Structure formats: C-alpha cells, structure tokens
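Colleague: Its first residue numbered 493, the sequence shown is counted upward by one per residue in the numbering used here. In this text, a Cβ means the ideal position worked out from N, Cα and C, and glycines have one as well. All values reported here derive from a predicted model rather than from experimental measurement. Have a look at this one before I ask anything.
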Amino acid sequence: NGNIVWLPETPASTWVRTLKTVLINEIQIDSIMGTGGVDDDWVELYNPYDVDVSLAGWSIQEHSKNDPCSTEISFDKGYFPDDAVIPARGFYLIVDIDTNDNLKNVADMAINWLLTDDNTIYLVRNQESIESGDDLDIIDKVGFGSACFPEGSATLNPPEAKSKKRHR
Numbered sequence: 493n494g495n496i497v498w499l500p501e502t503p504a505s506t507w508v509r510t511l512k513t514v515l516i517n518e519i520q521i522d523s524i525m526g527t528g529g530v531d532d533d534w535v536e537l538y539n540p541y542d543v544d545v546s547l548a549g550w551s552i553q554e555h556s557k558n559d560p561c562s563t564e565i566s567f568d569k570g571y572f573p574d575d576a577v578i579p580a581r582g583f584y585l586i587v588d589i590d591t592n593d594n595l596k597n598v599a600d601m602a603i604n605w606l607l608t609d610d611n612t613i614y615l616v617r618n619q620e621s622i623e624s625g626d627d628l629d630i631i632d633k634v635g636f637g638s639a640c641f642p643e644g645s646a647t648l649n650p651p652e653a654k655s656k657k658r659h660r
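Put into structure tokens, the structure is as follows:
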C-alpha cells in the first residue's frame, strides 16, 4: 500500500516517577459533649491512589497551642512502624494510647498525644522535628483554630462530639 512503518528493534521506555500524597482526612479532638472525651483523639489518613503507600520512616506530629508559632517546643510525635502501609484507596487510623478499647481495636496505631483546639497536625516524610511550617518533608498538614502553620487558612476547631473531615 506504499506506507512504510518503522519501529526500532528495542522500543524505548520512559519511567515517570510522581510523589504520592497521603492526606490527613479526618480529625477528632473530643468525643463527647461537655466534660470528658479528650482521650478519644484520633486522626485518619487517606491514600487517594491506586497503589499501596508505605509509611516506614514517616511520623505524625502535633503542634500544640502552648507555643503555636514556635517549632522549638510544643511538639508530640508518633513514629510509624516499619510495616505501616496504607492500602490503595484506604485509610489508616491513629489514636491516643489512652483511648477506649473499642477505638483501639479498630486503630492501626496508638501514640501518646493530646489533641486540643488550636493545634496543627503534620504528616512528615521523616522522623525528625519539622524546621518550619513550610518544611519540605511535610506531606500534608491541617491547622485549626488559631494554629500558626495551617495549610492555607486554619479551619474552625473541631466541635465537641464530632469529627472534622476535609473535603478535597
């Protein structure tokens, strides 16, 4: 037919590597109305991709309202175990170590922290303390109330007996 098709003997291939972002999806800082419920703090992570994401070597960090604009103090950190993985399109639940057994039984990890109003939560690609609110190792962050280093503008503090879910 007169058309010549030329293909190389060895086809070329190009690999494109993209950074996968895990999201801080939902936060609860007080599980009941009125006094109490403060040990039932939790943070839920979400993997929006079609591949599993390893959290080995990462940390979850909380910046408290005691000194909200300093990265020198007022941090609580939790380290993900080496086998921590968020499945594709799945969730990973992090709870306080003093939470109730029902919540601990469904959690993926328990750490020692106290989430309160005016905090910032950071998901960090290493286990070092962040250097600033713009640290390049921060995968995602959520600030609420009068937090100093929110992603964009701080959201309202999570209400009592309710969680705060991000919409993306």
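DSSP state of Leu607, grouped into three classes?
Modeller: Against the sequence shown, residue 607 aligns to sequence position 115. Coil at Leu607, not helix or strand.
Colleague: At 3 residues or longer, what runs of the beta strand (DSSP E) sit wholly inside the stretch 619-647?
Modeller: Within the stretch 619-647, the complete beta strand (DSSP E) runs of at least 3 residues are 630-635.
Colleague: Would you call Ser523 buried or exposed, if buried means 16 or more other Cβ atoms sit within 10 Å of its Cβ?
Modeller: Within the sequence shown, the letter at position 31 stands for residue 523. It counts as buried.
Colleague: From the DSSP secondary-structure annotation, give me the bridge partner or partners of Asp568.
Modeller: Against the sequence shown, residue 568 aligns to sequence position 76. Answer by DSSP bridge pairing, in chain order: Glu554.
Colleague: Quick check: the Cα distance between Asp575 and Gln619, rounded to an integer number of angstroms?
Modeller: Position 83 of the sequence shown, counted from the first residue, corresponds to residue 575. Position 127 of the sequence shown, counted from the first residue, corresponds to residue 619. Straight-line Cα distance between these residues: approximately 15 Å.
Colleague: Between the alpha carbons of Gly526 and Asp609, how many angstroms are there, rounded?
Modeller: Start at 1 with the first residue of the sequence shown, and residue 526 comes out as number 34. Start at 1 with the first residue of the sequence shown, and residue 609 comes out as number 117. In a straight line, the C-alpha of Gly526 is about 14 Å away from that of Asp609.
Colleague: Give the secondary structure of Val587 by DSSP, where H, G and I count as helix, E and B as strand, and everything else as coil.
Modeller: Position 95 of the sequence shown, counting from 1, holds the residue named residue 587. Note: Val587 maps to strand in three-state DSSP.
Colleague: Measuring CA to CA, which of Ile589, Asp542 and Ile519 is closest to Thr612?
Modeller: Taking the first residue of the sequence shown as 1, we reach residue 612 at position 120. Out of Ile589, Asp542 and Ile519, Ile519 has the C-alpha closest to the C-alpha of Thr612.
Colleague: Can you give the Cα-Cα distance for Gly570 and Lys657, rounded to whole angstroms?
Modeller: Taking the first residue of the sequence shown as 1, we reach residue 570 at position 78. Taking the first residue of the sequence shown as 1, we reach residue 657 at position 165. Using only the alpha carbons, I get a separation of about 21 Å.
Colleague: Just tell me which of Asn594, Phe583 and Glu536 has its CA closest to the CA of Ser655.
Modeller: Position 163 of the sequence shown, counted from the start, is the residue given in the question as residue 655. Comparing Cα positions, the closest option is Glu536.
Colleague: Taking the DSSP output, what are the residues bridged to Leu615?
Modeller: Position 123 of the sequence shown, counting from 1, holds the residue named residue 615. Answer by DSSP bridge pairing, in chain order: Ile552 and Asp632.
Colleague: Let me check one thing: in DSSP terms, what residues is Leu537 bridge-paired to?
Modeller: Within the sequence shown, residue 537 is the residue found at index 45, counting from 1. The partner list for Leu537 (beta bridge, DSSP) reads Ile516 and Tyr584.
Colleague: Can you give me the Cβ contacts of Leu515 inside the same chain, cut-off strictly under 6 Å, excluding the 5 residues immediately before and after it?
Modeller: For the purposes of this step, residue 515 is taken as the residue at position 23 of the sequence shown. Tyr538 and Asp632, listed in sequence order.
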